[in-house]
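In UniProt numbering, the protein residues as written are 1 to 174. A virtual CB, placed ideally from N, CA and C, is assigned to each residue, including glycine. What follows is a short report on a single structure.
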């Protein structure tokens with residue numbers, strides 16, 4: 001059984017929420033210690049750098065998304081989570097999640113696997129940003145996350161890949 005299915009079966013996600021297109025789930029400065037399961041729709045996590053937005057992660061159907069900095073520290077987050085399109089999520093509190101993961105060694109191992117996966121994703125993201133050419137960044141993300149290109153509009157993917165929408169469009173055609 002996969003990690004997400006295990007979490008869903010544990011009945012941790014007690015509340016449901018709908019976020020309309022362009023509305024925010026989390027704002028910079030919020031303390032957000034929830035975990036979200038996306039049933040439908042898509043979200044982006046971004047940070048503001050002076051007057052620019054820098055997309056760092058996406059979430060779409062059947063993904064888990066979290067403001068990890070605030071979740072772990074219970075301090076205000078530096079990130080925004082915004083709906084790209086109308087999104088339906090289930091919400092699990094940190095308290096319920098921690099109660100679940102500390103209830104058995106198997107669940108603690110699950111938490112370790114989740115954290116390891118997040119670290120590996122972050123390493124891949126770092127490699128993407130260090131890749132010199134836009135083509136290389138595009139190819140890496142396409143290989144790793146082909147569904148991203150079906151779920152997320154090009155302007156957000158281009159921002160994530162640190163290129164112009166025109167460059168992304170050209171790469172997709174080649």
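query: When you compare only the Cα positions, how much space is there between residue 34 and residue 152?
result: 23 Å
**Request:** Give me whichever residues DSSP pairs with residue 58 in a beta bridge.
**Result:** 44
I need the DSSP call for residue 25, collapsed to helix, strand or coil.
strand
Practice item. Go to residue 143, then tell me how far its alpha helix (DSSP H) extends in each direction, as first and last residue. Key: 134–144
- Query: Is it true that the CB of residue 38 sits closer than 9 Å to the CB of residue 56?
  - Reply: no
In whole angstroms, what is the alpha-carbon distance linking residue 16 and residue 77?
-> 22 Å
For residue 92, collect the residues of the same chain with a Cβ closer than 6 Å to its Cβ; drop the 5 residues on either side in sequence, then sort them by chain order. 12, 13, 35
Exercise. With burial defined as no fewer than 16 other Cβ atoms inside 10 Å of the residue's Cβ, what is the status of residue 31: buried or exposed?
Worked result: exposed
Practice task
Could you pull out every unbroken beta strand (DSSP E) segment of at least 3 residues lying fully inside the segment 66–138, listed in chain order?
Solution key: 80–93
**Item:** Extent of the continuous beta strand (DSSP E) run through residue 19
**Value:** 15–19
- Item | Touching by the beta-carbon criterion (3+ pairs, under 8 Å), the segment 87–103 and the segment 130–144 | no
Practice item. Tell me residue 36's beta-bridge partners as DSSP assigns them. Key: 65, 91
Q.
So, for residue 128: in the same chain, excluding its five sequence neighbours on each side, which residues have a beta-carbon less than 8 Å away from its beta-carbon?
A. 137, 140, 141, 161
- Query: From residue 7 to residue 41, what distance separates their C-alpha atoms?
  - Reply: 20 Å
Is it the case that the Cβ atoms of residue 58 and residue 156 are separated by a distance below 9 Å? yes
- [ ] For residue 9, count neighbouring C-beta atoms within 10 Å of its own C-beta (all shown protein chains included) and say buried if the count is 16 or more, exposed if not.
- [x] exposed
Closest to residue 62 by CA distance: which of 113, 82, 148, 109 is it? 148
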